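Visitor: Converting from the sequence shown to the working numbering requires adding 417 to each position, the first position being numbered 1. Got a structure for you, written out below as structure tokens; questions coming shortly.
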Amino acid sequence: MAKIRGLKITKTRTAKVTSRRIAKVAKVKTGTVVKTRTASAVKTRTATVVKTRTAPVVKTRTATVNKARAGSIRRVAQASVRHRSALVVPKQRGSVVAMIESMAPQYGVPTWFALRIAKVESGYNPNARGQAGEFGVFQMKCATARGIGYRGDCSGLLNARTNVQYGLKHLSVALKSSRGNLRLAASKHNGGLGRKSLVPKYVAQIF
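Quick look at the structure:
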């Protein structure tokens, strides 16, 4: 009888131990799977959210910075044109203005119109040089001046009197070919005597 009892006890204990081990293993495996899947899901979702949120923000900030830089460059360029006349010595500027006032009537060009063109072009600066090869007060190109009779060196157009003389002559020709239309004459001074349409931005600066 003791034998049988001993056998039963051993069998019962073995069954309990085995049952506990299986439960423990199952728990560990289940925990691992849940933990792995959860971590993977969280990682994937987090990466997606971060990527989605970051991309538009970076793109928006870059566009804003580029726009700000472009605006800054544009303001500097406008300020340069606006204050160009301030770089001319007042006495020199007064001399150029007096010269234009004296010579404009001889070419049939309204004095105020000639003065306005000269101010916009160079701020009455006889030493002004343009990016496209323009010279002096009226920002005359050498080829343009030669087309209306100039025979000197290109550098000679930096002489105030010479530049005013050919600048006024150019305006006179522009006025005649425009039949007195000042806006078209201004556009021809800016874009060439052969121009048949207005240059809106330039006209807006003159009038």
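All C-beta atoms in this analysis are idealised placements derived from N, C-alpha and C, irrespective of residue type, glycine included. The model shown is predicted, which means the values in this text are computed figures rather than measured ones.
#1: Locate the alpha helix (DSSP H) running through arginine 533, then write down its first and last residues.
#2: Extract the residue ranges of the alpha helix (DSSP H) inside the region 583 to 615, only unbroken runs of 4 or more that lie entirely within it.
#3: The alpha helix (DSSP H) that contains proline 507, what's its start and end?
#4: I want to check one thing, is the minimum distance from the CB of alanine 562 to the heavy atoms of the ligand ZN below 7 angstroms?
#5: Looking only at its chain, what residues have a beta carbon closer than 6 angstroms to the beta carbon of cysteine 571, apart from the 5 residues adjacent to it on each side?
#6: According to DSSP, simplified to helix, strand and coil, what is proline 617?
#7: Which same chain residues end up closer than 8 angstroms to valine 620 when comparing Cβ atoms and leaving out the 5 residues on each side of it in sequence?
#8: Could you tell me the boundaries of the alpha helix (DSSP H) in which alanine 545 lies?
#9: Quick check on glutamine 622: does DSSP put it in helix, strand or coil?
#10: Using CA coordinates, which residue listed in Gln509, Lys613, Gly584 is at the minimum distance from asparagine 598?
Guide: For this structure:
#1: The residue given as residue 533 occupies position 116 in the sequence shown. It spans 528 to 539 - the alpha helix (DSSP H) in which arginine 533 sits, taken as one unbroken run.
#2: 599 to 608
#3: The residue you call residue 507 lines up with position 90 of the sequence shown. Per DSSP, proline 507 belongs to the alpha helix (DSSP H) from 507 to 520.
#4: The ligand ZN is not part of this structure, which contains no ligands at all.
#5: In the sequence shown, residue 571 corresponds to position 154, counting from 1. The residues are Cys559.
#6: Walking along the sequence shown from the start, residue 617 turns up at place 200. Helix.
#7: The residue given as residue 620 occupies position 203 in the sequence shown. Closer than 8 angstroms at Cβ, skipping near neighbours: Arg600, Ala603, Ser604.
#8: Here residue 545 refers to the residue found at position 128 when the sequence shown is read from its first residue. Where alanine 545 is concerned, there is no enclosing alpha helix (DSSP H), given that its DSSP letter is neither H nor E.
#9: Residue numbering aside, residue 622 sits at position 205 when the sequence shown is read from its first letter. Correct three-state label for glutamine 622: helix.
#10: For this step, residue 598 is matched to residue 181 along the sequence shown. Closest option to asparagine 598, Cα to Cα, is Lys613.
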